[in-house]
């Protein structure tokens, strides 16, 4: 049993056990509630210890560490709510109606130290989660964007990767790798509930966002300017995935969904032969590599699993269940909150592909068939002790599997051959993240606050029994049968484990806050792969009748031996590596509000020191205990940063930010180990000579929040990168992808964002909201090239775009809710500009061409608790096109997807 399964078994279900212990309190609170957040109306800071009281009653509460309060057991009626605290003007909010359902009431308090006056206002409407996210963004110390669970529900997005492409300046590649402001995924960071996560990608420094279901997210923030308390290893942006928070009352939600793919459903597709646990994303042992050396050859021969199985693609399906509550403990101010969720998705996809690799003389047509399994479990528990202390235990486990078969008919003009390629792949990924954290407020120590977090993240990727099969014949002899070539099998596995601990102190000095802290981080990575060839024994006189058999029978057990087919292991010592990344960091920063000529400003700045040591060991021999090829990259970086906010008025901010950051190679990228990508038909190899990149970032933004849930923002950014890390593709006998340093690169651009309700037109148009964002990006990488001929060459400096950079990105949407029947309609549009997909070496670069993506979502409430959601994804059915030297290199047909989902809440 893998480490992930053991961890999942013993820890991930612990929240469910604790939930059951408190099951008798699930329905104890039948009366009304008022809850919300109390903030400083000028800075947006959450306020601790503010009293919230229902006038004329004995009911009330005080705000906790997060500025949150909750008043329970409120009889139906209309109330006046009085909010007061030392140093703030008292407010009384009248007309708050309670009828047994939770009422959200968020209030901003104004400082009034010398002349405390009471302000009486009328209760506003309940604010949505999207509005809360914008309010958080407004009071943030840095430049950020995001998307909330509320908005995700109005899209067809199933994974966090799908949802991220709706955010300003973000594009998503292969539905899982995130590019921010034109910067490739390797320059971006990812945290899950504030903690770093392990990677599940063998060939990329990136988190695979297709691994996290979107309905497990409360919101997602993208931090675009650094502060000293954030990791220093991000330049494009830091993606902060925040999982579900605890509801204010007991709730259970169930979602059932199904979808139809016009390219796939009910049509014949090919998949690998599998076992009884494939539907859960686990191999049952059928694909497992033999445990004992002496049984390897016999185990590889039988059973015969070379031929893919054929099936009619069924409908895609999904299901999710979530439960949560917040419970008063012993009628005191202590609270226990919990949320647990389970989600599952099973999807099928057929992509028609054309690959014209004309620079090496190959033309391929065929299909890629894929069955994807994704399920995830979330279990979070939090305990609040009064209003000053909070302990949390968060767990997230995600499991995915991709069953992929590709089959191409190929013309190899260089060898004058016609070929049939078949690859059979099963990729199984799992990731567990567990986090224990605490937040503490010490009023007797002058308001000192402390928060700490310990995190374990463990991931496993398995690529068991990958196969590549080739048949060939001379294309000028079409009457001849196809003959089998030397074919390949491999078994690969990667394990990553990340341990981290960070501690942060915040101390108020009058209006100034001083914050300092430290972080330790250890990431270990272990990778290994074994390769085998199946060779026709021509020296032993293998008959022609055997080498022309179809794939279903050619590798039957009786066809191995002398004069038939032979196994040959081609693994090398360098096909495995062990690596470790140690990071120790400390920082100090100040948060200072100040005034110049009655204009309010806020300064947040300081410096972060990071000491990083990366070691990768690659064996020189397969003999146990043999010497290693060692690669070590050690650096200490001092990373200054500052953020200045000018509060032009109560709803407009002007922000300036400047910071230094780094981009370190992944352990995999430093290892000289190579692995073969059976889907892309290319070898991927590391580069032990890689150096870390150093980035200087400058940002300027003006943003205004004219109304609830509304925003206008304009941003300018610039990045200067030294030793930029990029990928390149080398065309040799085997296509080879590797990494290298470009000496200098720049990335400059601007962003425009709008979110506006149309109620200013007339009352009916208040049911319409439009959103849109546009990013324009310019990048330049300097590289050395050679011009001339063999007798007269000149080295010149040329420029090209940064790899992965799109010159522009567009998102637009219109949301409509019919006020009488509650039906909502969303039309969403997404487009990115022509971007450099792969840097060529001795060949032309490969670009991904722009395409327009239109999605439609219709949601209708059937009853008060039951909703239906219908979506059409890729409504205009655009193909994905790659070009090389302005010629089509690869064309992929994706197809429309029609979905129906039923949601029930009780």
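Numbering (the working numbering), first residue to last: 16 to 921.
Every residue gets a Cβ at the ideal spot worked out from N, C-alpha and C, and that includes glycine.
Asked: Locate the beta strand (DSSP E) running through residue 717, then write down its first and last residues.; Found: 708 to 719
Asked: Would residue 789 pass as an interface residue toward chain C - the criterion being a Cβ-Cβ separation below 8 Å?; Found: Going by chain labels, chain C is absent from the structure shown, which holds only one protein chain.
Asked: If the criterion is Cβ atoms closer than 8 Å, does the pair residue 256 and residue 232 meet it?; Found: yes
Asked: Measure the Cβ-Cβ separation of residue 520 and residue 465 and say whether it is below 8 Å.; Found: yes
Asked: So residue 247 packs on residue 676, CB below 8 Å; how close in whole Å?; Found: 5 Å
Asked: For residue 12, list the residues DSSP reports as bridge partners.; Found: Absent from the model: residue 12. The displayed extent of the chain is 16 to 921, so no value can be given.
Asked: Just to confirm before moving on: does the CB-CB distance between residue 780 and residue 720 stay below 8 Å?; Found: no
Asked: Answer with buried or exposed for residue 874, where buried requires no fewer than 16 other C-beta atoms within 10 angstroms of its C-beta.; Found: buried
Asked: Where does the unbroken alpha helix (DSSP H) through residue 166 begin, and where does it stop?; Found: 164 to 167
Asked: What are the residues that DSSP puts in a beta bridge with residue 895?; Found: 907
Asked: Measuring CA to CA, which of 186, 77 and 168 is closest to residue 865?; Found: 186
Asked: Taking 8 Å as the cut-off, does the stretch 607 to 623 touch the stretch 576 to 588 (at least 3 CB pairs, one atom from each stretch)?; Found: no
Asked: I'd like the span of the beta strand (DSSP E) that includes residue 107, first residue to last.; Found: 103 to 113
Asked: Have a look at 455, 348 and 212 and flag the residue whose alpha-carbon is nearest the alpha-carbon of residue 515.; Found: 212
Asked: Check this for me: beta carbons of residue 730 and residue 762, under 8 Å apart or not?; Found: no
Asked: Got a sec, what are the start and stop residues for the alpha helix (DSSP H) residue 567 sits in?; Found: 566 to 569
Asked: Which whole runs of the alpha helix (DSSP H) in the stretch 561 to 628 are 4 residues long or more, in chain order?; Found: 566 to 569
Asked: Run through DSSP, which three-state label would residue 782 get?; Found: helix
Asked: Beta carbon of residue 242, beta carbon of residue 658: below 8 Å?; Found: yes
Asked: To which residues of the same chain is residue 512 closer than 6 Å at the C-beta, ignoring the five residues directly before and after it?; Found: 473 and 539
Asked: Can you tell me which of 530, 462 and 712 puts its alpha carbon nearest to the alpha carbon of residue 402?; Found: 462
Asked: Whole-angstrom Cβ separation of residue 240 and residue 157, contact assumed at under 8 Å?; Found: 5 Å
Asked: When the distance is taken between beta carbons, is residue 118 closer than 8 Å to residue 111?; Found: yes
Asked: When you compare only the Cα positions, how much space is there between residue 418 and residue 334?; Found: 20 Å
Asked: Closer than 6 Å by C-beta to residue 236: which residues in its own chain qualify, once you throw out the five before and the five after it? Chain order, please.; Found: 159, 161 and 255
Asked: Between which two residues does the beta strand (DSSP E) harbouring residue 684 extend?; Found: Residue 684 -> not in any beta strand (DSSP E); alpha helix (DSSP H) instead, spanning 682 to 685.
Asked: How long is the line joining the alpha carbons of residue 688 and residue 581, rounded to whole angstroms?; Found: 26 Å
Asked: Which of helix, strand or coil does DSSP assign to residue 304?; Found: coil
Asked: Identify the continuous alpha helix (DSSP H) that holds residue 868 and give its terminal residues.; Found: That residue, residue 868, is in no alpha helix (DSSP H); its beta strand (DSSP E) goes 867 to 876.
Asked: What residue range does the alpha helix (DSSP H) around residue 312 cover?; Found: 311 to 316
Asked: Looking at C-alpha atoms only, which residue of 471, 523, 433 and 605 is the closest neighbour of residue 492?; Found: 433
Asked: Using a 10 Å radius around the Cβ and a threshold of 16 neighbouring Cβ atoms, would you call residue 820 buried or exposed?; Found: buried
Asked: According to DSSP, is residue 224 part of a helix, a strand, or is it coil?; Found: helix
Asked: Helix, strand or coil, according to DSSP, for residue 152 in the structure here?; Found: helix
Asked: Suppose you measure from the CA of residue 760 to the CA of residue 728; what does that come to, to the nearest Å?; Found: 27 Å
Asked: Exposed or buried, which one is residue 496 when buried takes at least 16 other CB atoms within 10 Å?; Found: exposed
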